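All remarks here apply to the structure that follows.
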Amino acid sequence: VELTLRIGLIITAMALSILVVFYVSAIVSGAFEVELLFNIAADSGQSSKGLPHGPFGIFAALPFAIWFYLAIEQLPLAAEESHDVVRDMPRALLLGMGTLLVLSFLTLVLNSGIGPGAAGIGASGAPLATGFRAVFGRGVTSRLLSLVALTGLIASFHTIIYAYGRVLFALSRAGYFPRWLSITGRQRSPWVALIAGAVVGLGCAAAIHLSNQADASTTGNQTDNPVTVGAVLLNMAVFGAVISYALVMVSYVVLRIKRPQMPRPYRSPLGIPGAVVGAILSIAALAATFSVPAFRPGVWGVALFLLVGLIWFLGYSRHHLVAQAPEEEAALQTAFDKELG
């Protein structure tokens, strides 16, 4: 785990340095123009200076906006490896969210205000690469920076692989998933969970790609398959994520009400009102994943997967949970308290 996180930190630092170079260059070179932020053709009755596609445009864009921040909630998966979880985890979460807020704002504004503007960047399959070409031209510099900037994707994928491997391992260790998923090697890496997650991910991407090809051959509607696959996978990921966000918020409210005396080393400054607002926003984002018809099959696929998982839990795994697993410690303590009193 330590090696994984160290590599992730190094790769992230490389990507961050490239973004800083891009931000400074976009401003200093004069490539950034405020007018380019508003060059999207407006729908009838709308204004390109405001909301070119109306309120629905914001709603449909929610899944893509969430992608800026997706998986930051996976940071607590490293709680067992932190030196002082009570002190380190809140600091890491706040620092991570602050970094994401700054970078996402600068990237959205500066990258949309150069070259082809918001209209061209929005239609690009590689928006950041398009921005690099607008600032540095099509020469070696642009290509080199684009290549190095790919480390951002590597960092993202690297940490997501760590996250899903850790989640599958923990659920398997506790008995929710088949026990063979928690098999580890000599380095204590959950290699079975890592491979299983990769197979599922690649299988989904291949299924979407083949489905697009079949649709194109049937209807004659040729599309850019890589972009379509990426957009569908993005909505699938956001769909699953916002469900977990809503459930976390609801769980927080329930615990605050039913177990007010539970030890809480870190308290949310927003409390129950913040959790309620978060749950409402999560449900709104959940509905937004259905707003674009082309993405709905993938979202329904995730919903079906969750339904199968729920049936598996109710019919089998809840009767075979591992009492000694750390994940079940709180549940065991609750049952023990009930017996005592």
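All you need for my numbering is the position in the sequence shown, starting with 1, plus 64. No residue lacks a Cβ here, since even glycine has one placed at the ideal position from N, Cα and C. Note that the coordinates shown come from a computational prediction; the quantities given were computed from them, not determined experimentally.
With 16 other CB atoms within 10 Å as the buried threshold, where does residue 237 fall?
So residue 237 ends up on the buried side.
Residues in its own chain within less than 8 Å of residue 340 by CB, not counting five upstream and five downstream?
Taken in chain order, the residues that qualify are 313, 317.
Which class does residue 75 belong to by DSSP, given the choice of helix, strand or coil?
Residue 75 falls in the helix class under three-state DSSP.
Do the stretch 189 to 197 and the stretch 207 to 219 make contact, defined as three or more Cβ pairs closer than 8 Å?
Verdict: yes, contact present.
Quick one: what does DSSP say residue 248 is sitting in, helix, strand or coil?
Coil, per DSSP.
How many Å lie between residue 77 and residue 167 at the Cα?
Near 13 Å, if we compare the C-alpha coordinates of residue 167 and residue 77.
Taking the alpha-carbon positions, what's the residue 260 to residue 333 distance?
About 38 Å.
Could you spell out where the alpha helix (DSSP H) holding residue 323 opens and where it closes?
Note, residue 323: premise wrong, no alpha helix (DSSP H); not H, not E.
Can you look up residue 96 in the DSSP assignment and give me helix, strand or coil?
Residue state, collapsed to three classes: coil.
So, residue 302 versus residue 124, is the Cβ gap smaller than 8 Å?
For residue 302 and residue 124, no; Cβs fall outside 8 Å.
With distances taken Cα to Cα, identify the nearest neighbour of residue 126 among 358, 345, 242, 250.
Ranking 358, 345, 242, 250 by Cα distance to residue 126 puts 345 first.
State the CB to CB distance for the pair residue 239 and residue 386, rounded to an integer number of angstroms; the pair is presumed to be in contact (CB under 8 Å).
Going by Cβ atoms, the distance from residue 239 to residue 386 rounds to 4 Å, so yes, they are a contact pair.
Does the separation of the CB atoms of residue 209 and residue 82 fall below 8 Å?
Yes, the pair counts as a contact, with Cβ atoms nearer than the cut-off.
Between residue 291 and the rest of its own chain, which residues show a CB-CB distance below 7 Å, the 5 nearest in sequence each way excluded?
With a pLDDT of 47 at residue 291, under the threshold of 50, the predicted position of this residue should be treated as unreliable, though the coordinate-derived value follows. Once the five neighbours on either side are set aside, the close Cβ partners of residue 291 are 189.
Count Cβ pairs between the stretch 240 to 259 and the stretch 105 to 113 that sit closer than 8 Å; are there 3 or more?
Contact fails: fewer than three Cβ-Cβ distances are below 8 Å.
Are the stretch 156 to 166 and the stretch 133 to 142 touching, with three or more C-beta to C-beta distances below 8 Å?
Flag = yes, the stretch 156 to 166 and the stretch 133 to 142 touch.
In whole angstroms, what is the alpha-carbon distance linking residue 134 and residue 128?
One C-alpha to the other measures close to 10 Å.
Leaving out five residues on either side along the sequence, give the residues of the same chain with a beta carbon under 8 Å from the beta carbon of residue 161.
Here the set comprises 133, 136.
Count the other C-beta atoms from every protein chain shown that fall within 10 angstroms of the C-beta of residue 287, then say buried if there are 16 or more, exposed otherwise.
Any reading at residue 287 must be qualified, since the residue scores a pLDDT of 49, below 50, and its modelled position is unreliable; the value itself is stated next. Residue 287 is exposed by the Cβ-count criterion.
Taking the continuous alpha helix (DSSP H) assigned at residue 158, which residues delimit it?
149 to 176 is the extent of the alpha helix (DSSP H) around residue 158.
Inspect the CB distances between the stretch 169 to 184 and the stretch 93 to 101 and report whether three or more fall short of 8 Å.
Because the criterion of three Cβ pairs below 8 Å is met, the stretch 169 to 184 and the stretch 93 to 101 touch.
Determine the extent of the alpha helix (DSSP H) in which residue 217 is found, giving its start and end residues.
Note, residue 217: alpha helix (DSSP H), 204 to 237.
Taking Cβ positions, are residue 89 and residue 199 nearer each other than 8 Å?
Yes, these two residues count as a Cβ contact at 8 Å.
Compare the C-alpha of residue 226 against each of 186, 378, 73 and name the closest.
Checking every option, the nearest Cα to that of residue 226 belongs to 73.
State the start and end residues of the unbroken alpha helix (DSSP H) segment that holds residue 385.
Looking at the DSSP string, residue 385 is not in any alpha helix (DSSP H), and its letter there is neither H nor E.
Would DSSP call residue 317 helix, strand or coil?
DSSP places residue 317 in helix when its eight states are reduced to three.
Using 10 angstroms around the beta-carbon of residue 306, count the other beta-carbons present and answer buried if the total reaches 16, otherwise exposed.
Classification for residue 306: buried.
Provide the residue span of the alpha helix (DSSP H) that contains residue 182, from first to last.
First-last of the alpha helix (DSSP H) with residue 182: 181 to 187.
Alpha carbon to alpha carbon, how far is residue 170 from residue 87? Give it in angstroms, no decimals.
The straight-line gap from Cα to Cα measures roughly 7 Å.
Are residue 79 and residue 219 closer than 8 Å when you measure CB to CB?
It is a contact, given that the beta carbons lie within the stated cut-off.
Express the C-alpha separation of residue 371 and residue 69 in angstroms, rounding to a whole number.
Roughly 33 Å separates the two Cα atoms.
For the putative contact between residue 116 and residue 105, defined by C-beta atoms under 8 Å, what is the C-beta separation to the nearest angstrom?
Right, the Cβ-Cβ distance comes to about 7 Å (below 8 Å), so this counts as a contact.
Our contact map puts residue 310 next to residue 347 with C-beta atoms below 8 Å; I'd like the distance itself, whole angstroms only.
Rounded, the Cβ-Cβ distance is 6 Å, consistent with contact.
How would you write the range of the alpha helix (DSSP H) that residue 130 sits in, first residue to last?
First-last of the alpha helix (DSSP H) with residue 130: 118 to 130.
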